[in-house]
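First up is the structure itself, then whatever we jot down about it.
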Amino acid sequence: MKEKEAVPAQPEWICSRCGIALEVGKVDVGYLGSVFPVDLYRCAKCGQVFVPEELAEGKMAEVEKLLEDK
Amino acid sequence: MDQEELSKLEARCIQEQPAACVAACPVHVDARAMAAAIAKGDFASAAKIFKKSVPFPGIVSRICDHPCQAVCKRDEAGEAVSVRALEKSCLDWAAKTSDSFFLPPAKATRIAIAGGGLSGLTAAFDLAKKGYTVEVFEKESRLGGSLFHLSREQLPEEVIAADLQALEKVGVTIRTNVGVGQDISLEKLCRDFDAVYLASGEQPEGGLSLGVDGAGQWIIDPLTLATTNPKVFAGGSLRRLPQNRSPIESIADGRRGAVSIDRFLQKVSLSASRTGEGSQKTRLFTSLEGIEPLPVVAMSSGATGYSKEEAILEAKRCIQCQCLECVKVCEYLNSFKSYPKKYVRRIYNNLSIVMGHRHANKLINSCSLCGLCKEVCPEDLNMAMVCHAAREIMVDSGRMPPSVHEFPIRDMLFSNSEKFALTRPQPGSSASTHLFFPGCQLSASSPDHVRKTYDFLCENLDGGVALMLRCCGAPAQWSGRAELFSDSFKNIVSQWEQMDRPRIILACSTCYEVFKTHLPQASIVSLWEVFDRSALPRVARDSSAPVRRLAIHDACSTRHEKNIHDSVRNILQKLGLEIEELALSGEKTECCGYGGLMFFANPELARSVITRRIGQSECDYLAYCAMCRDYLASAGKRTWHLLDFLFGPPPDDFARRKGPGYSVRRENRARLKNALLEELWGDTPVGKEKYGMIRLKISEELRETLERRQILDSDIRQVIDFAESSGTRLFNSRTSHYLAHWKPAALTYWVEYAPSEGEFTVFNAYCHRMELTEGVRS
Chain A
3 MKEKEAVPAQ PEWICSRCGI ALEVGKVDVG YLGSVFPVDL YRCAKCGQVF
53 VPEELAEGKM AEVEKLLEDK
Chain B
215 MDQEELSKLE ARCIQEQPAA CVAACPVHVD ARAMAAAIAK GDFASAAKIF
265 KKSVPFPGIV SRICDHPCQA VCKRDEAGEA VSVRALEKSC LDWAAKTSDS
315 FFLPPAKATR IAIAGGGLSG LTAAFDLAKK GYTVEVFEKE SRLGGSLFHL
365 SREQLPEEVI AADLQALEKV GVTIRTNVGV GQDISLEKLC RDFDAVYLAS
415 GEQPEGGLSL GVDGAGQWII DPLTLATTNP KVFAGGSLRR LPQNRSPIES
465 IADGRRGAVS IDRFLQKVSL SASRTGEGSQ KTRLFTSLEG IEPLPVVAMS
515 SGATGYSKEE AILEAKRCIQ CQCLECVKVC EYLNSFKSYP KKYVRRIYNN
565 LSIVMGHRHA NKLINSCSLC GLCKEVCPED LNMAMVCHAA REIMVDSGRM
615 PPSVHEFPIR DMLFSNSEKF ALTRPQPGSS ASTHLFFPGC QLSASSPDHV
665 RKTYDFLCEN LDGGVALMLR CCGAPAQWSG RAELFSDSFK NIVSQWEQMD
715 RPRIILACST CYEVFKTHLP QASIVSLWEV FDRSALPRVA RDSSAPVRRL
765 AIHDACSTRH EKNIHDSVRN ILQKLGLEIE ELALSGEKTE CCGYGGLMFF
815 ANPELARSVI TRRIGQSECD YLAYCAMCRD YLASAGKRTW HLLDFLFGPP
865 PDDFARRKGP GYSVRRENRA RLKNALLEEL WGDTPVGKEK YGMIRLKISE
915 ELRETLERRQ ILDSDIRQVI DFAESSGTRL FNSRTSHYLA HWKPAALTYW
965 VEYAPSEGEF TVFNAYCHRM ELTEGVRS
């Protein structure tokens with residue numbers, strides 16, 4: 003996965019617990035021994051991450067398949 | 215699988231075997247490819263194919279004794295294809311080109327050819343093309359030998375002259391009026407030349423000082439054409455009785471002699487790897503099913519040859535022999551666009567690869583393991599065996615992609631957890647002569663049928679009928695998890711032994727196969743045999759039920775269980791139902807798309823398997839396996855389960871019902887267990903987890919998405935439970951929805967939801983396997 007997967011516009015989601023807007027930050031995303039730092043929206047305070055449906059169903063699924071066949 | 219096993223498996227696939235005509239031809243003219251080109255009107259390509267295998271095409275196309283036609287498969291459906299006439303037509307109708315030859319640098323090595331007939335000239339031509347210095351000695355005043363004994367009409371002199379020009383082009387020196395044995399001795403040839411090929415049509419008087427057999431004939435090795443003199447080779451008509459002489463065999467000898475001389479001069483083995491030379495029998499099988507018999511196309515111009523149009527028509531009669539028996543009946547083999555020989559190689563490479571992309575994972579995991587390929591293969595090649603062995607190797611080496619089979623494996627583990635697993639003797643009885651094993655999928659699809667069947671068995675069988683609810687382990691077995699399977703099956707065996715080994719009654723065809731294979735010491739019987747041997751349930755004997763005509767879909771795991779096929783048919787007859795046999799049924803039945811976990815590895819393929827199967831008859835289908843029924847019905851085919859009639863008569867639209875989704879399947883199993891526990895054994899039902907109490911509201915549309923993404927209600931409940939109890943969730947103030955995620959095991963599930971009046975409306979859910987490293991979550 004690329005570090006800068008086109009980061010989408012500011013999501014409408016806010017962190018419910020901390021009550022603050024999400025900010026883009028580096029999150030380690032890994033599978034089967036490979037780890038990629040990816041820019042994702044997350045809560046700067048508690049670290050809660052947001053993975054949008056398009057990312058899970060799209061790029062993530064694609065990379066999962068690729069790593070599984072490697 | 216090692217290299218040797220691979221070669222053995224590859225050799226059993228005969229698709230790449232030559233067509234009978236190509237094999238029988240001593241020089242292997244690819245008549246099949248030539249006919250294919252002519253059929254397309256491409257005479258130029260056809261001529262190229264023909265000329266590739268023969269040195270003198272004009273001559274051969276007029277005088278060949280065509281052993282190809284004697285073995286042509288078309289002969290069994292009409293008449294053999296006129297291969298020789300087609301050869302002539304491609305020379306007649308291809309644009310005339312002047313053939314040029316690429317010659318390597320000339321070698322000083324000198325070769326003498328005795329005899330200017332077809333055999334000698336072929337050897338001369340082949341050797342000169344390799345760069346050798348070749349001289350032909352012909353005792354007559356012109357080349358051609360016995361060709362001049364043929365009628366001028368059949369073989370005009372200008373055709374001979376045109377073909378023999380090729381010898382000049384490759385630089386062969388011709389010495390006419392020089393007879394070997396008369397005008398020049400063999401000893402002199404042996405002194406002046408590095409090798410000699412004798413092809414003088416007849417063995418000259420005097421024997422030329424070569425070793426002879428008891429009949430005075432030269433001793434000639436049929437494989438290499440070597441004589442007793444290492445420098446001298448001999449072939450053509452001189453080694454055949456007059457009645458066995460054949461122009462194409464003479465040419466083949468010339469070619470064989472040239473190969474031997476080249477090997478002799480290069481000082482390599484004369485005999486190694488020469489099995490493919492000369493006329494052969496092929497192992498290729500070609501079915502004539504559906505081939506309409508057609509007579510040979512007549513020549514309107516008499517003997518001179520086919521017009522273009524006639525040649526095309528005649529070429530179209532060629533069947534284009536190939537096997538593909540398995541590919542024709544198997545959507546899986548068909549969908550990867552090749553055939554088992556290639557697949558076996560791809561699978562082997564996939565298993566051997568150390569670094570890089572494993573392209574054949576999908577090929578390996580998509581097979582239903584149904585074994586139909588072996589049934590139709592003339593050589594019994596079984597791709598199911600190959601794919602299953604490959605899966606076990608992948609699992610063992612940690613190379614099995616986790617996503618492929620994890621979901622059905624989790625389903626199996628659920629069935630073998632306290633949620634569903636249950637073993638009890640018949641209520642009020644301690645001994646058991648029988649054990650009913652309904653299987654996890656019938657219990658998931660129609661728990662009601664399980665209950666009714668168990669009641670029926672308890673009423674009709676003496677000595678106590680125990681019940682065992684759980685999964686037989688087939689998903690583990692199919693997915694190549696041998697250890698998981700054996701651990702799970704051990705449980706079944708020990709419980710069965712504790713019950714004093716009762717006879718096992720199996721309602722599921724896959725369970726039947728698993729028990730038969732892995733518990734051979736047990737006495738097993740299919741539920742259908744039990745019904746067949748006893749009086750049918752009273753409700754089934756309702757005379758007002760409409761007469762229906764049903765096409766039977768046999769379960770692929772019963773392929774070799776004729777007793778089960780017969781019982782199912784007997785029951786249908788007793789029920790007054792009419793039977794239609796599908797073309798692929800009984801031992802040649804097809805899989806429904808569930809076998810081998812095909813659906814989980816390759817859902818698109820499973821859907822085309824289903825579509826193909828349901829298109830084979832207009833009738834309603836009848837299945838006797840819960841998964842077969844649900845899979846066939848999933849594509850809209852009216853499909854009944856045999857139990858629908860045994861505990862019927864069912865309402866007409868019952869055949870249209872869709873099988874329950876993944877979550878309901880689990881719930882059905884859990885409810886069945888609890889209902890039986892309470893009602894039959896008066897026991898306390900198994901409680902739900904706390905999150906199990908969470909009430910969900912899910913739209914029909916989202917249901918379909920959840921099924922496709924293999925997300926269960928219990929997964930969603932766990933996410934909501936975590937989010938609501940920890941407060942870890944995202945909030946959208948515009949929609950007032952929450953979004954939360956939770957990773958109970960391998961997958962992370964995301965759920966968008968909103969609480970309302972004691973329940974949770976779910977708007978979306980998705981999941982991924984990639985793991986997130988998040989900040990502190992407390």
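Just so you know, the sequences run in chain order A and B.
For the first sequence, the positions run 3 to 72 when the numbering used here is used.
For the second sequence, the positions run 215 to 992 when the numbering used here is used.
Beta carbons: idealized from backbone N, C-alpha and C, even for Gly.
* chain B contacts made by the segment 55-66 of chain A, where a contact means CB separation under 9 Å -> E55, L57, A58, E59, M62, A63, V65 and E66
* Asked: According to DSSP, what are the bridge partners of B:L683?
  -> B:L636
* Asked: Got a sec, what are the start and stop residues for the beta strand (DSSP E) B:W854 sits in?
  -> T853 to H855
* **Alpha-carbon to alpha-carbon, B:C581 and B:E620** => 17 Å
* Candidates B:A736, B:A574, B:S758 and B:L364: closest to B:P863 by CA position -> B:S758
* Would you mind working out which of B:E503, B:S950, B:D476 and B:H767 sits nearest B:V446, comparing C-alpha positions? => B:D476
* Please state if the CB of B:K551 and the CB of B:A815 are separated by a distance shorter than 8 Å. => no
* Any idea what DSSP makes of B:A247, helix, strand or coil? -> Reduced to three states, the DSSP call for B:A247 is helix.
* Asked: How many angstroms separate the CA atom of B:R324 from the CA atom of B:Q379?
  -> 21 Å
* Can you tell me the Cα-Cα spacing of A:D41 and B:L986, whole angstroms? -> 12 Å
* What are the start and end residues of each continuous beta strand (DSSP E) run of 3 or more residues lying completely inside the segment 356-421 of chain B, in chain order? -> 387-390 and 409-412
* Around the Cβ of B:K633, are there at least 16 other Cβ atoms within 10 angstroms (buried) or fewer (exposed)? -> buried
* Determine whether the Cβ of A:D41 lies closer than 8 Å to any Cβ atom of chain B. => no
* Looking at the structure shown, is B:G535 part of a helix, part of a strand, or coil, going by DSSP? -> Here residue 535 of chain B turns out to be Cys, not Gly, going by the sequence shown. Coil.
* Asked: What does A:I16 touch in chain B if you count any residue whose Cβ is under 9 Å from its own?
  -> L944, F945, N946 and S947
* Asked: At least one CB of chain B closer than 8 Å to the CB of A:Q50: is that the case?
  -> yes
* Could you name the residues of chain A that B:R983 contacts, counting a contact when the two beta carbons are closer than 7 Å? => Neighbours of B:R983 on chain A, chain order: Y33 and E66.
* Hey, which unbroken runs of the beta strand (DSSP E) at 3 residues or more fall wholly within the segment 792-823 of chain B? -> Within the segment 792-823 of chain B, the complete beta strand (DSSP E) runs of at least 3 residues are 792-795.
* Asked: If you draw a straight line from the C-alpha of B:S221 to the C-alpha of B:K530, how long is it?
  -> Spanning the two alpha carbons is a distance of roughly 35 Å.
* **Separation of B:S360 from B:E419, as counted between CA atoms** => 19 Å
* By Cβ distance, which residues of its chain are closer than 8 Å to B:V649, with the 5 residues on each side in sequence left out? -> According to the sequence shown, residue 649 of chain B is Leu rather than Val. Cβ neighbours of B:L649 beyond the five flanking positions: V679, A680, L681, M682, W710, M713, P716, R717, I718 and I719.
* For a contact meaning CB atoms closer than 9 Å, what does A:V26 contact in chain B? -> Within chain B, no residue comes near A:V26; the closest Cβ sits about 14 Å away, beyond 9 Å.
* For B:S333, which residues of its own chain have a beta-carbon under 6 Å away from its beta-carbon, when the five flanking residues on both sides are left out? -> A413, G449, G450, S464, D467 and G468
* Asked: If you draw a straight line from the alpha carbon of B:P269 to that of B:T336, how long is it in whole angstroms?
  -> 6 Å
* Does the beta carbon of B:L183 sit closer than 8 Å to a beta carbon anywhere in chain A? -> No statement about residue 183 of chain B is possible, as the shown extent of chain B runs from 215 to 992 and does not include it.
* Going along the chain, which residues of its own chain have a beta-carbon closer than 8 Å to the beta-carbon of B:L916, five neighbours each way excluded? -> V976, F977, N978 and A979
* Return the CA-CA distance between A:V51 and B:M984, expressed in angstroms with no decimal places. => 13 Å
* Can you give me the Cβ contacts of B:S992 inside the same chain, cut-off strictly under 6 Å, excluding the 5 residues immediately before and after it? => At B:S992, the pLDDT of 37 sits below 50, so the modelled position is not reliable and the matter cannot be decided from this model.
* To do: Express the C-alpha separation of B:G694 and B:S611 in angstroms, rounding to a whole number.
  => 11 Å
* **Own chain residues within Cβ distance below 8 Å of B:N777, not counting five before or after** => S740 and E743
* Sort B:L953, B:R488, B:L836 and B:H242 by Cα distance to B:L856 and report the nearest one. => B:L836
* Please determine, among B:L223, B:V473 and B:Y520, the residue with the shortest C-alpha to C-alpha distance to B:A308. => B:Y520
* **CB contact check: A:E70 to chain B, cutoff 8 Å** => yes
* Asked: What three-state label does DSSP hand B:L455 in the structure shown?
  -> coil
* Asked: Does the separation of the CB atoms of B:Y963 and B:I934 fall below 8 Å?
  -> At least 8 Å separates the beta-carbon of B:Y963 from that of B:I934.
* How many angstroms separate the CA atom of B:V990 from the CA atom of A:C45? -> Confidence at B:V990 is low in this model, with a pLDDT of 49, below 50, so its placement is unreliable and no value can be given for it.
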